[in-house]
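A.B. asks: Would you mind keeping the following structure in view while I ask a few things?
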Amino acid sequence: MPIVSVVSSLCAVTPERAVGNDELARMVDTSDEWISARTGIKSRYVASPLETTSVLGAQAAKLAIEEAGLKPEDIDLIVCATSTPDKTFPSTATLIQAKLGCKVATAFDVQAVCSGFVYGIGIVDALVKSGQAKNAILIGADTFSRIMDWSDRATCVLFGDGAGAAVIQGVDANEAKGKGILASVLNADGKYADILNVDGGASSNARVGKLRMEGQAVFKHAVTNISSAIEECCEKAGRPVSDIDWFVPHQANKRILDGVAKRLGIPEEKVVVTVDVHGNTSAASVPLAYDFAKKDGRIKKGDLVLFEAMGGGLTWGAALVQL
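Using the numbering used here, read the sequence shown as starting at 7 and increasing by one per residue.
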C-alpha cells in the first residue's frame with residue numbers, strides 16, 4: 007500500500023516578553039489606534055538575546071515530539087523553515103537537532119520567508135511519501151525582531167517572534183483512514199523580490215541588514231496569489247472550499263485575511279485569526295495560529311484544515327490537511 011504523510015502533532019511557543027502597541031508608541035511615532043486600524047495588531051512577542059531561533063524552534067519541536075508519543079531518537083528528518091537563522095551556517099535545523107538530542111538524521115533549512123512552513127509541508131510530504139523519512143519534524147521559527155529597523159513605523163509594528171513545530175509521519179494508507187496531507191501548492195515569482203526584502207546578505211554586502219517593505223505593493227499581490235493557490239490546492243485534493251472546517255492563514259495583516267476569506271466565500275467563523283496577539287511571525291505564523299485554535303478547543307482531530315501563506319520572494323502556497 008502507498009504511504010501517506012500524517013500530521014501527528016503540531017505545537018508552538020512564543021518568547022516570554024509581550025510588547026503592546028502602547029509600548030511601541032513610546033519608541034517610534036505611532037499609536038495603538040494607528041496600528042490597530044491598519045493591521046489589526048494589538049501586541050507581539052519579542053525574543054530576548056538568549057531566545058534565538060534555534061532555542062525557540064527546539065522548544066516547539068520538543069512539545070510536538072512529546073505530543074506525538076515519540077522520542078527525539080525516533081526522528082529521522084528535521085526541516086526548519088526560517089529567515090532568521092542563528093548562524094549563516096550551519097543550518098538552524100542542525101542546531102535544533104543537537105538541542106533535542108536526535109540521532110544522526112537528515113537536517114536542513116528552508117528559506118521561503120513567511121511561506122516557509124507551508125513550503126516545508128510540501129517538501130516533508132514528498133520526502134516521507136518517497137520513503138526517505140518515517141518520522142519527520144517540521145519547524146517554523148523566526149526572530150524578526152533581530153532584523154527590524156525600529157525607527158521605521160511602517161514595518162517595526164508588524165512583526166514578532168515565535169516558533170511552531172509539527173511531527174509528520176509516514177503511515178500506511180489503510181491505517182491512515184483518510185488522514186494526512188491531501189495536497190499542497192507552492193509558487194514563487196522573483197521579479198517582485200524588491201517589494202519585500204532584507205537589505206543585507208553575506209554575498210552582497212556582508213551585513214545582516216534590515217527588513218524593507220512596500221506595503222501597498224505586497225497587499226496588491228497577496229489576496230490574488232493566495233486565493234489562486236487555495237483554489238488550486240482544493241482542486242488538486244478533490245475537495246471543495248466549502249468542505250474546509252478551519253482556515254489557518256499566515257497572520258500578516260487582518261485586511262489580507264478578510265480579503266482572501268471573502269473572495270473564496272469562507273465564513274468568518276472558520277478563519278483562525280491571531281494577528282492581534284502575535285503580529286506577523288513569518289514562518290512561525292501558521293503553526294502559532296493552529297496551536298492557538300487547538301488550545302482553545304476549536305481545531306480537533308478529524309477536521310479538514312487549510313493552511314496558506316505568502317512571503318518575500320515573492321513566495322506563496324497552500325496546503326490541505328485532514329487531521
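Each residue gets a CB set at the ideal place from its N, CA and C atoms; glycine is no exception.
Fair warning: this is a prediction, and the values are worked out from it, not measured in the lab.
Hey, quick one: how far does the alpha helix (DSSP H) through C126 stretch, first residue to last?
C.D. replies: It should be noted that the sequence gives Gly, not Cys, for residue 126. Here the alpha helix (DSSP H) through G126 covers G122 to K135.
A.B. asks: On the DSSP bridge assignment, give the partners of N286 in chain order.
C.D. replies: According to DSSP, N286 bridges with F165.
A.B. asks: Would you decide whether E22 is buried or exposed? Buried here means 16 or more other CB atoms lie within 10 Å of its CB.
C.D. replies: The residue is exposed, with fewer than 16 neighbouring Cβ atoms inside 10 Å.
A.B. asks: DSSP three-state call for L188: helix, strand or coil?
C.D. replies: L188: strand per DSSP, three-state reduction.
A.B. asks: Applying the criterion that 16 or more other CB atoms from any shown protein chain within 10 Å of the CB defines a buried residue, is T45 buried or exposed?
C.D. replies: Buried.
A.B. asks: With S3 and T20 assumed to form a contact (beta carbons below 8 Å), what rounded beta-carbon distance in angstroms separates them?
C.D. replies: With the chain covering 7 to 329 only, the question about residue 3 has no answer from this structure.
A.B. asks: Along the chain, where does the beta strand (DSSP E) that runs through R3 open and close?
C.D. replies: Lying outside 7 to 329, the shown extent of the chain, residue 3 is not represented and no answer is given.
A.B. asks: Out of V277, V13, K268 and I250, state which residue places its alpha-carbon closest to the alpha-carbon of D131.
C.D. replies: For the residues V277, V13, K268 and I250, the minimum Cα distance to D131 belongs to V13.
A.B. asks: Where I41 and V110 are concerned, what is the direct C-alpha to C-alpha distance, given to the nearest angstrom?
C.D. replies: In a straight line, the C-alpha of I41 is about 46 Å away from that of V110.
A.B. asks: If you compare alpha carbons, which of A179, L326 and N180 is closest to E237?
C.D. replies: Cα-wise, what sits closest to E237 is L326.
A.B. asks: Between I84, A118, P8 and D82, which has its C-alpha nearest L320's C-alpha?
C.D. replies: It is A118.
A.B. asks: Among F225, G244, V124 and V266, which one has its Cα closest to the Cα of V292?
C.D. replies: When each option's Cα is compared against that of V292, the closest is V124.
A.B. asks: Considering only residues of the segment 21-46, which uninterrupted alpha helix (DSSP H) runs meet the minimum length of 4 residues and lie entirely inside it, listed in chain order?
C.D. replies: The qualifying runs are 27-31 and 38-45.
A.B. asks: Tell me whether the beta-carbon of N141 lies closer than 8 Å to the beta-carbon of I201.
C.D. replies: No, they are not a contact pair.
A.B. asks: Can you check whether the CB of I153 is closer than 8 Å to the CB of T90?
C.D. replies: Yes, Cβ-Cβ distance for T90 and I153 is below 8 Å.
A.B. asks: Looking at the structure shown, is R50 part of a helix, part of a strand, or coil, going by DSSP?
C.D. replies: Reduced to three states, the DSSP call for R50 is strand.
A.B. asks: In angstroms, rounded to a whole number, what distance separates the CA positions of E79 and C108?
C.D. replies: Between E79 and C108, the C-alpha separation is close to 5 Å.
A.B. asks: Buried or exposed, going by whether 16 or more other CB atoms sit within 10 Å of the CB of W156?
C.D. replies: W156 is exposed by the Cβ-count criterion.
A.B. asks: Taking 8 Å as the cut-off, decide whether the C-beta atoms of V214 and L76 are in contact.
C.D. replies: Taking 8 Å as the Cβ cut-off, V214 and L76 do not qualify as a contacting pair.
A.B. asks: Can the beta-carbon of V10 be found closer than 8 Å to that of V177?
C.D. replies: Against a cut-off of 8 Å, the Cβ pair of V177 and V10 comes out as a contact.
A.B. asks: From the DSSP output, which residues share a beta bridge with V173?
C.D. replies: Answer is S15 and I143.
A.B. asks: For P255, count neighbouring C-beta atoms within 10 Å of its own C-beta (all shown protein chains included) and say buried if the count is 16 or more, exposed if not.
C.D. replies: Classification of P255: buried, given that the 10 Å Cβ count is 16 or more.
A.B. asks: Quick check on the DSSP output: the beta strand (DSSP E) that includes I84 runs from which residue to which?
C.D. replies: Element bounds for I84: L83 to A87.
A.B. asks: Identify which residue in A104, G170, N203 and A87 has its Cα closest to the Cα of A295.
C.D. replies: The candidate whose alpha carbon is nearest that of A295 is G170.
A.B. asks: What is the rounded straight-line gap between the Cα of N211 and the Cα of V204?
C.D. replies: Those two C-alpha atoms are separated by around 12 Å.
A.B. asks: Report all residues from its chain with a CB closer than 8 Å to the CB of N27; omit the five preceding and five following residues, and keep chain order.
C.D. replies: Cβ within range, chain order: T36, S37, D38, I41, S42, I47, K48, S49 and V163.
A.B. asks: When the distance is taken between beta carbons, is G285 closer than 8 Å to V229?
C.D. replies: Result no, Cβ atoms of V229 and G285 do not sit closer than 8 Å.
A.B. asks: Do A87 and G146 have their C-beta atoms within less than 8 Å of each other?
C.D. replies: In this structure, G146 lies closer than 8 Å to A87 by Cβ.
A.B. asks: Using 10 angstroms around the beta-carbon of D115, count the other beta-carbons present and answer buried if the total reaches 16, otherwise exposed.
C.D. replies: Answer is buried; the Cβ neighbour count reaches 16.
A.B. asks: Taking the alpha-carbon positions, what's the I262 to F225 distance?
C.D. replies: Distance between the alpha carbons of I262 and F225: 7 Å.
A.B. asks: Taking only three categories from DSSP, how would you classify I262?
C.D. replies: DSSP places I262 in helix when its eight states are reduced to three.
A.B. asks: For the alpha helix (DSSP H) containing P255, list its first residue and its last residue.
C.D. replies: No alpha helix (DSSP H) contains P255, which is instead part of the beta strand (DSSP E) from W252 to P255.
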